[in-house]
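To start, the structure itself, in structure tokens.
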Amino acid sequence: MSWHDLAAAAPETLLVLAACAVLIQDAWAAGGALEAVRQSTAATWLALAGVCAAAAAALWLPSSPATPAFAGMYVRDGITRLADLTALGTAGAGVLLADPYVRRTRLPVGEYYALVLLSTTGAMLMAASRNLIVLFVGLEVLSLPLYVLAALARRSTRSQEAGLKYLLLGAFATAFFVYGVALVYGAAGTLDLGALAGAPASPLLGGGLALLTIGLGFEAAMVPFHGWAPDVYEGAPLPAVAFMSVAAKIGAFAGLIRVFPEAFAHLAPTWSPMMQALAIATMVLGNLAALGQTNVKRLLAYSSIAHAGYMLIGVAAGGAAGTGAVLFYLAVYAAMNLGAFGVLLLLDRRGVEADRVDDLAGLAARAPWAAWTLALCAVSLAGLPPAGGFIAKLYLFRAALGAGQTGLAVIGVLTSVVSVFYYMRLAYAPFAGDVPSDVAVRRSAMTGAALVLATAGVLVYGILPGSLTAAVQQAAAFLK
Amino acid sequence: MSSWALSALIAIPVAGAIAAGATGPRRPAAARAVALAAALTALGLAAWVWITFRPGESALQFEERLAWIPAAGIGYHLGVDGLSVSLTALVTLLVPVAIAASTDQVLERARGFVVTVLLLEAGLLGTFLAQDLVLFYVFWEAMLIPMYFLIALWGGPARRGAAIKFLLYTMAGSVLMLLAIVAVYLQGGRVLGTPTFDLPALLGRPLGWTPAAEALLFGAFAVAFAIKMPVWPLHTWLPDAYAEAPPVVTVLLAGLMAKAGAYGLLRFCLPLFPDAVRAWGPLFAALAVVGVLYGGAVAWAQADMRRLLAYGSLSHMGFILLGIFALNVEAVQGSVVQMINHGVSTGALFVLAGILIARTGRARTDAYGGVAAAAPALAAVTLIAVASSLALPGTNGFVGEFLILLGAFQTRPVYAALATFGIVAAAAYLLAFVGRVFHGPLRSELRAFPDLRPREFAVLAPLVAMILWVGFVPGPLLDRSEATVRALLRATAASTPAPGTAIHARRPGMVP
């Protein structure tokens, strides 16, 4: 390990340091009490500073040509950089969104932000991995903090249940992943993704790839490994759900990109049909199950499953077009999903989350900007112009048609039509009906800032997507 | 040629929407005034574009071209030609009419209403002006969202169902068109070397389709447009949407949005897939005739005046479809002109229906009777609009439908002969409507029925003027579209057009 290695991994390093600083500051401020009586904003600002420092490092470090580090186990290239920036944006918005909620509900502030930062580090590490062991370490660093975040509301049995479910199923999925790593090693004799690029096809390798898919597919909430998502989303604290719904996707899809379109591009005829089948199952089931939901958290859980299906289209198509489309989609998804959750975070029913669709009624009269933001994010999630979701889907479908996967593209667009039904329910709700008497709107500058960022993201990616398009093309250009 | 007019045309409604939105929730009159001012400004600019448009040229005018997403071959390319110049003007004419008419007809949440209408106007204008496939699709889909909210928030009792039905139906058609657009782009990349979504660039050279691929892609485009028009049997969203939307919104739905479908057929299907258009033309002509007769027959049976006018509108759109697929200059010219005429006359009829419903709260025609005695001016204006819809000589409707039938008789005489019965049906249902509402003994509870107010007259006057002006002096309107229609039909007739003969062939040095 040299200074060069540490410098290449500076974003991750800075984030871990920030997490430690947040924890120490918290312990110091609490002065030994389990729950601080007066919660200051110092932890929030410290976490935000860490995110900004890591983002600055990710922007400043050269990513072209690709810089390998740690004996080729880690790489900093265009994909790393874009995934890092998306993950850091998610972390920043996640911290801003969480601040008022965490203080209102007396969650442990320091732990909350430290876990968010560590989880983000894991997602970034997955995006930077050139070795299956590093990918596994990244997956663990991503998911362990998420289990804790889901269970962080100690007095809520729903939250405890969500955390336990997530942990048990997640551990199970991770075991599959490790077993897959072992099979791949047995078949090819190496764990280096660069060296695996020439591995000949064999049943053992095929089995290994299938098991790797299970591990990553669980984190991405792909059907049939999605069973945890609705329950965990419904039970976990709302800001934690907002963060995990995006962070887990970033890590999982960065990992899928590193393994499938990049390392095993030569075996595409083997794994692409599997990915297509998973994509179809995920899109169809996610969208159909979302239709009947009356709880916004559950609705958005199924919606996030459906979006995993859309992103899988890009993985199945592979190549520069498919990979670039996935990277673009992740950035847009982060903005629109955080925006939708952010509006929900404004509502409060006497200290409990107001998370039914009916609770949104009449929001337009009380907080017009929030209502417009929700409508915009719902339109974007549905993939309609002029929001970013449309351009993101356009690129995915272009990749699928370019790879000759017409059936996949047709199912993708038809399920998008299905999704319009429930997203429009979400967009319509704030503009109609009477205000529920027990739901209050809790304004806060931090939530407002996060919503402004999310709205700007959705609009910029939709109306002026030129620079991001060029960036993802450049990042994925080395893939055939 | 000034290269900002069309962008300004799209930007004015958006700016107007923002300004109207900023007026504050307690001053609906201010919001209406700001919105009306913006819509009238757009009308002025569109009128200037229409007047300075050079007839006799088939190429695009007022062209604007900017790199939008160069990495993906998507450009910001606007332009007008004979197909779109009058439709653009029609959009800017009907929107202020709708905003002004809404003063008496939409009383709740007036600010949100005018903001949404202006956003819809921007989407409509963009749809008619875009010359890049993705840009077109962006505007095409973007106008769905305001329309969904206009129906879902300001409509009648069953508005939510009607709105979501409208949205899902039209979305289902257009997403397949999106895939077809991408397929055209990929094929264009193979043939042209540089992948692009730019329509003139794609038309510059034959794309070398296999017949099966061409038929499939033509189908994807045509179904999207047919749903929007709508074409029988894809019309089932129409009666609910037209009847549940507030009448001023139906003015925009029937008068403008339906035209986007017919326009799409002319703009995209004919030049991109000429062989498929010729092969599938008879089917579309047959569907058009079925639509004409079915719409007319069902309209006759309706008691609700909005549903009557909705099915009547379906019948008239059938004429326009018949004209397009007759594929000769007279018929296509008739269709292009009839799009404008139908927008004006249907717009006027729905505004009048809105006035009647706003005064009495009654939508059934048999709940009226003898209104002409109490409101002679209203009856007179209605009669003019009905005459236009019946295609009586001296009104604009005559010019359009006569040309369509004249052209269609040359290429598809049987269909044309059958379609003439549609005019008979129109006479039956429209005169029955006039008879039930305006004639007969005046009902006692309608004795105090107020006649047209000055404001309502001001709203209707431009439409009546258009009906008579185009009826007596159709020349300027026909001149503007003729060159483009001729070039379009030349390109469609030659199955493999040589480079340069297709309309808007890419000029040297204009590589996108």
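Read top to bottom, the protein sequences are chains F and Y.
Anchor point for the first sequence: position 122 equals 121 in numbering that gives the first Met the number 0, and the numbering is continuous, going up by one each time.
Anchor point for the second sequence: position 369 equals 368 in numbering that gives the first Met the number 0, and the numbering is continuous, going up by one each time.
C-beta atoms are modelled at their ideal positions from N, C-alpha and C, and glycine is treated no differently.
All values derive from a computational prediction rather than experimental measurement.
So residue i is in the alpha helix (DSSP H); what residue range does that whole segment cover?
i         : result
Gly74(Y)  : Note, Gly74(Y): premise wrong, no alpha helix (DSSP H); beta strand (DSSP E) at Ile73 to Val79.
Ala449(F) : Ala444 to Ile462
Arg277(Y) : Pro273 to Trp299
Glu110(F) : Val108 to Ala127
His3(F)   : Trp2 to Ala7
Tyr232(F) : Trp227 to Gly234
Ala48(F)  : Ala41 to Trp59
Given that residue i touches chain F, what residues does it touch there, using C-beta distances under 7 Å?
i         : result
Ile163(Y) : Phe420 and Met423
Ile144(Y) : Val378 and Leu383
Leu152(Y) : Phe430 and Ala431
Ala171(Y) : Val416
Leu185(Y) : Leu400 and Gly401
Leu166(Y) : Val419 and Met423
Could you name the residues of the same chain whose beta carbon sits closer than 7 Å to that of residue i, not counting the 5 residues immediately before and after it, in chain order?
i         : result
Ala278(F) : Gly308, Leu311, Ile312, Ala315 and Leu407
Leu106(F) : Leu151, Ala152 and Pro236
Met509(Y) : Low confidence applies here, because Met509(Y) scores a pLDDT of 37, under 50, leaving its location unreliable and the question unanswered by this model.
Phe397(Y) : Ala390, Leu391 and Gly470
Leu166(F) : Tyr146
Phe349(Y) : Pro246, Thr249, Val250, Ala253 and Leu308
Arg446(Y) : Ala373
Phe408(Y) : Ala415
Excluding the 5 residues flanking residue i on each side, which residues of the same chain have their C-beta closer than 6 Å to its C-beta?
i         : result
Ala7(F)   : Thr66, Ala68 and Arg75
Ala361(F) : It should be pointed out that residue 361(F) corresponds to Gly in this sequence rather than to Ala. Cβ within range, chain order: Gly432, Asp433 and Val434.
Gly260(Y) : Phe224, Lys227 and Met228
Ile17(Y)  : none
Gly499(Y) : With a pLDDT of 42 at Gly499(Y), under the threshold of 50, the modelled position of that residue is not reliable, and the figure given next carries that caveat. Hits under 6 Å: none found.
Leu266(F) : Ala200
Within the continuous beta strand (DSSP E) that includes residue i, where are the two ends?
i         : result
Gln515(Y) : The shown model of chain Y, from 0 to 511, leaves out residue 515(Y), and the question about it has no answer.
Arg75(F)  : Tyr73 to Arg75
Thr66(F)  : Thr66 to Ala68
Could you tell me how far apart the beta carbons of residue i and residue j are, in whole angstroms, since I believe they sit closer than 8 Å?
i         : j         : result
Leu143(Y) : Met170(Y) : 7 Å
Ala48(F)  : Leu14(F)  : So it is not a contact: roughly 11 Å between Cβ atoms.
Ala113(F) : Val50(F)  : Going by Cβ atoms, the distance from Ala113(F) to Val50(F) rounds to 12 Å, so no, they are not a contact pair.
Ile132(F) : Leu45(F)  : With a Cβ gap of about 31 Å, Ile132(F) and Leu45(F) do not count as contacting.
Val288(Y) : Tyr414(Y) : 5 Å
Leu87(F)  : Gly254(F) : Not really, about 18 Å apart at Cβ, beyond 8 Å.
Ala30(Y)  : Thr22(Y)  : 4 Å
Val344(F) : Pro238(F) : Correcting the residue identity first, residue 344(F) is Leu in this sequence and not Val. Correct: roughly 6 Å between the Cβ atoms.
Ile73(Y)  : Phe196(Y) : 5 Å
So which residues on chain Y does residue i lean against when the C-beta distance must stay under 8 Å?
i         : result
Arg297(F) : None at all; the shortest Cβ gap to chain Y is about 20 Å.
Gly465(F) : Ala66, Trp67, Ile68, Pro69 and Ala70
Ala469(F) : Pro69 and Ala70
Ser302(F) : By Cβ distance, chain Y contributes nothing, its closest Cβ being about 17 Å from Ser302(F), past 8 Å.
Val412(F) : Val174, Leu175, Leu177 and Leu178
Using the beta-carbon of each residue, which ones in chain F are nearer than 8 Å to residue i?
i         : result
Glu140(Y) : Leu383, Pro384 and Phe389
Ala182(Y) : Leu400
Leu252(Y) : Within 8 Å Cβ-Cβ: nothing; Leu252(Y) doesn't reach chain F, min ~18 Å.
Val133(Y) : Leu393
For residue i, which residues from the same chain have a beta carbon less than 8 Å from its beta carbon, with the 5 sequence-adjacent residues on both sides left out?
i         : result
Tyr301(F) : Ala228, Pro229, Gly285, Asn286, Ala288, Ala289 and Gln292
Ala4(Y)   : Leu44, Trp47, Val48 and Phe61
Thr491(Y) : Leu269, Pro270, Pro273, Val276, Arg277 and Leu326
Mind pulling the chain Y residues with CB within less than 9 Å of residue i?
i         : result
Tyr427(F) : Tyr147, Phe148, Ala151, Leu152, Arg159, Ala162 and Ile163
Gln472(F) : Ala70 and Ala71
Arg397(F) : Ala71, Val181, Tyr184 and Leu185
Counting only Cβ pairs nearer than 7 Å, list the residues of chain Y close to residue i.
i         : result
Ala408(F) : Leu178
Arg365(F) : Per Cβ cutoff of 7 Å: no residues; Arg365(F) is ~11 Å from chain Y at best.
At 9 Å on the CB atoms, spell out the chain F contacts of residue i, in chain order.
i         : result
Leu198(Y) : None at all; the shortest Cβ gap to chain F is about 17 Å.
Val335(Y) : Within chain F, no residue comes near Val335(Y); the closest Cβ sits about 27 Å away, beyond 9 Å.
Secondary structure, beta strand (DSSP E): runs of 3+ residues fully inside the stretch 198-229 of chain Y: none
Those runs of the alpha helix (DSSP H) which lie wholly inside the stretch 226-253 of chain Y and span at least 4 residues: 237-243 and 246-251
Residue ranges of each alpha helix (DSSP H) within the stretch 395-473 of chain Y, 4 or longer: 395-410, 412-437 and 453-471
Whole runs of the alpha helix (DSSP H) within the stretch 255-339 of chain F, excluding any shorter than 4 residues: 267-290 and 295-316
Secondary structure, alpha helix (DSSP H): runs of 4+ residues fully inside the stretch 147-192 of chain Y: 158-191
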